[in-house]
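A.B. asks:
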Amino acid sequence: MDIKLPKSVEYIIDTLEKAGYEGFAVGGCVRDTLLGRDPQDWDITTSAKPETVKKLFRKTIDTGIEHGTVTVMIDHVGYEVTTYRIDGEYEDSRHPKNVEFTTKLNLDLERRDFTINAMAYNHSRGLVDEFEGIQDLDRKIIRCVGDAGERFDEDALRMLRAVRFSGQLGFQIEEATRQAICERAKNLQKISAERIRVELTKLLISKDAGQIREAYHTGILKVILPDIDRMMTIDQKNPHHIYTIGEHSIRSVEVMNALWGRYESKKNLPDIPDQVYVYAKELTGMLTPKQHSILCITMLFHDIGKLDKMTIDENGIGHFYGHHENGEKMSGTILKKLTFDNETVSAVRHLIRWHDYQYGTTEKSIRKAVAKIGRDYMPMLFLVQFSDILSQNPSTFEGKLNTIYQAIEYWKKIIQSKAALELKDLEISGKDLIRLGVRPGPAIGALLKQLLGEVLDEPAYNRKDRLLERAQTLMHSFNGNEKE
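The numbering of the sequence shown is this note's numbering, which starts it at 3 and goes up by one.
This is how it looks when you write it as structure tokens:
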């Protein structure tokens with residue numbers, strides 16, 4: 003079996019071999035190539051010690067030399083080159099107490115997590131697959147190398163990685179591997195929040211993000227996201243919803259990925275109208291890959307505030323008054339604990355705060371909504387609302403979707419007209435008001451807000467002469483208020 007290697011990878015392997023050592027592409031890059039995917043990174047494993055690797059290549063970086071890893075830089079791209087090694091005893095479900103270098107490739111491969119990640123390749127020997135990784139790719143299963151319990155005892159994060167790979171690849175977790183996860187899920191509490199965050203994010207943006215249900219069924223969710231775990235069993239007792247809070251939230255993640263064209267599994271998707279896809283293509287085209295991940299995180303957490311806000315009326319109908327504000331607060335706390343960056347935390351909180359916003363039916367009402375929510379957030383918010391609606395009771399879709407369609411059309415018209423939506427869009431500034439005689443201080447901001455409100459009602463008022471005239475009329479009352 004031949005695998006086409008990048009020229010830089012061939013150069014590294016050839017250099018190692020000419021010096022008398024072995025070198026192989028290994029792990030995820032081999033797996034992805036066999037699956038017809040483009041690897042994000044190419045890793046090389048070698049019989050050469052780190053000191054030797056450093057001597058063989060002009061530019062290297064000691065990225066993990068204590069574990070045998072040296073990054074070789076070629077044309078400004080880094081390639082991790084790691085010496086064959088045997089991991090010592092694991093004491094904390096995270097790190098080996100020590101590592102021992104070896105000259106045997108098979109000993110290096112048998113320490114790896116899953117069979118599909120334990121294959122190596124070079125042109126001299128071809129594919130090295132000692133654990134039936136190629137068969138598992140064909141069978142579409144995630145299976146541990148050797149004893150699953152031992153692999154998870156070595157590094158508990160591998161349990162979440164199993165779920166993440168099942169989502170990314172659309173594979174199922176092999177039964178013995180799954181059983182070992184169920185027995186050891188509690189050990190994930192020993193894993194750092196940062197490592198959990200990385201795997202969770204990759205899972206949520208994967209082509210089968212619904213595999214997060216496996217995290218629930220195996221007990222992983224109860225450890226890493228206990229509030230989401232609680233949501234999985236709460237019946238909303240509301241005609242707008244036919245799923246528990248948790249199932250609704252997971253389905254909304256699946257819909258979000260479908261709107262981005264990333265969800266290959268159709269098994270849990272509703273019948274999404276063509277018009278939604280038309281708008282989604284336009285909206286996602288305005289956004290970045292990072293905003294895609296922000297949106298998927300938002301959908302998982304968007305109804306978390308319902309946990310403490312459920313009331314039942316006299317007709318037995320469930321209501322969740324104030325769940326937006328509560329969700330904004332709860333999601334922020336959880337995401338900070340998981341070490342998400344400030345931009346992500348802020349965006350998710352903001353979108354959760356406004357996710358259930360009820361739009362009016364006039365252009366003026368949408369203009370005020372955009373001013374209140376923020377023009378930069380609108381493409382994301384519309385996608386959040388589509389995903390939320392399409393994860394509810396299908397009998398309620400039509401009316402809700404029509405409201406969003408209308409809001410989007412008004413929004414597009416507003417943006418195209420370059421209507422004033424923020425203070426900085428006004429044709430006058432605080433300096434103009436000071437020249438007019440308004441005293442510096444809070445009165446400036448208050449008067450500008452008053453003028454913006456009037457411009458939102460009537461965009462034609464955003465002319466400097468008209469605003470100065472209006473400010474002249476209002477300034478005395480604002481200056482007077484400041485005196486008081």
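Positions of the beta carbon are idealized from the N, C-alpha and C atoms, including for glycine.
Is the beta carbon of V165 less than 8 Å from the beta carbon of L206?
C.D. replies: no
A.B. asks: Spell out the partners DSSP gives F26 in its beta bridges.
C.D. replies: T47
A.B. asks: Determine which residues share a DSSP beta bridge with N124 and list them.
C.D. replies: G128
A.B. asks: Among F26, D231, D77, which has the Cα closest to the Cα of A217?
C.D. replies: D231
A.B. asks: Assign M288 to buried or exposed, taking buried as 16 or more other Cβ atoms, counted over all protein chains shown, within 10 Å of its Cβ.
C.D. replies: exposed
A.B. asks: By DSSP, does S348 sit in helix, in strand, or in coil?
C.D. replies: helix
A.B. asks: Tell me whether Q174 sits in a helix, a strand or coil according to DSSP, three-state version.
C.D. replies: strand
A.B. asks: Closer than 7 Å by C-beta to V293: which residues in its own chain qualify, once you throw out the five before and the five after it? Chain order, please.
C.D. replies: Reading off the sequence, residue 293 comes out as Gln, not Val. Setting aside the 5 residues that flank it on each side, Q293 is surrounded in the same chain by M382, each with a C-beta closer than 7 Å to its C-beta; the list follows chain order.
A.B. asks: Determine the extent of the beta strand (DSSP E) in which V74 is found, giving its start and end residues.
C.D. replies: 71-76
A.B. asks: Extract the residue ranges of the alpha helix (DSSP H) inside the segment 132-182, only unbroken runs of 4 or more that lie entirely within it.
C.D. replies: Listed in chain order, they are 135-141, 150-156, 159-171.
A.B. asks: Does DSSP put R87 in a helix, in a strand, or in coil?
C.D. replies: strand
A.B. asks: Quick check on R465: buried or exposed, where buried means 16 or more other Cβ atoms within 10 Å of its Cβ?
C.D. replies: That one is exposed.
A.B. asks: If A195 and L340 are in contact, beta carbons under 8 Å, what's the gap, nearest whole angstrom?
C.D. replies: 5 Å
A.B. asks: Could you pull the start and end residues of the alpha helix (DSSP H) that D434 belongs to?
C.D. replies: Going by DSSP, D434 is part of the alpha helix (DSSP H) stretching over 432-438.
A.B. asks: Could you check the C-alpha separation between L385 and W356 for me, to the nearest Å?
C.D. replies: Inter-residue distance for L385 and W356 is about 12 Å (C-alpha atoms, whole angstroms).
A.B. asks: Take I247 as the anchor and find which of E330, G443, F322 has the nearest alpha-carbon.
C.D. replies: F322
A.B. asks: Out of curiosity, what's the CA-to-CA distance linking S251 and Q394?
C.D. replies: 10 Å
A.B. asks: Is it true that the segment 57-73 meets the segment 147-162, where meeting means three or more beta-carbon pairs spaced less than 8 Å apart?
C.D. replies: Three or more beta-carbon pairs separated by less than 8 Å are not found between the segment 57-73 and the segment 147-162, which leaves the two stretches without contact.
A.B. asks: Count the other C-beta atoms from every protein chain shown that fall within 10 angstroms of the C-beta of R127, then say buried if there are 16 or more, exposed otherwise.
C.D. replies: exposed
A.B. asks: Might you give, ordered along the chain, the residues of its own chain that have their beta carbon closer than 6 Å to the beta carbon of I76, omitting 5 neighbours on each side?
C.D. replies: S10
A.B. asks: Return the chain-ordered list of same chain residues with a C-beta closer than 6 Å to the C-beta of I88, the five sequence neighbours on each side being excluded.
C.D. replies: E102, T104, L109
A.B. asks: So, using beta-carbon positions, are G221 and N124 closer together than 8 Å?
C.D. replies: no
A.B. asks: If you measure between the beta carbons of I296 and V350, is that distance less than 8 Å?
C.D. replies: yes
A.B. asks: Distance, Cα to Cα, E486 vs A421?
C.D. replies: Residue placement at E486 is flagged as unreliable, the pLDDT there being 39, under the threshold of 50; the coordinate-derived value follows with that caveat. The C-alpha of E486 lies about 35 Å from the C-alpha of A421.
A.B. asks: Buried or exposed for A462, going by 16 or more other Cβ atoms inside 10 Å?
C.D. replies: exposed
A.B. asks: Using only the alpha-carbon positions, how far apart do C31 and D273 sit?
C.D. replies: 36 Å
A.B. asks: May I have the straight-line CA-CA distance separating K99 from A187, to the nearest angstrom?
C.D. replies: 22 Å
A.B. asks: Can you pull the DSSP bridge partners for E82?
C.D. replies: T73.
A.B. asks: How far does the beta strand (DSSP E) with G455 in it extend, from its first residue to its last?
C.D. replies: Not the beta strand (DSSP E): G455 falls in the alpha helix (DSSP H), residues 444-459.
A.B. asks: Answer yes or no: do L353 and T290 have a C-beta to C-beta separation smaller than 8 Å?
C.D. replies: No.
A.B. asks: Starting from G66, follow the beta strand (DSSP E) in both directions and report where the run begins and ends.
C.D. replies: 62-66
A.B. asks: Give me the Cβ distance between A371 and Y379, rounded to the nearest whole Å; I'm assuming they're in contact under 8 Å.
C.D. replies: Actually they are not in contact, since the Cβ atoms of A371 and Y379 sit about 11 Å apart, beyond 8 Å.
A.B. asks: Between G329 and the rest of its own chain, which residues show a CB-CB distance below 6 Å, the 5 nearest in sequence each way excluded?
C.D. replies: Within the same chain, G329 has close Cβ partners I306, G307, I354.
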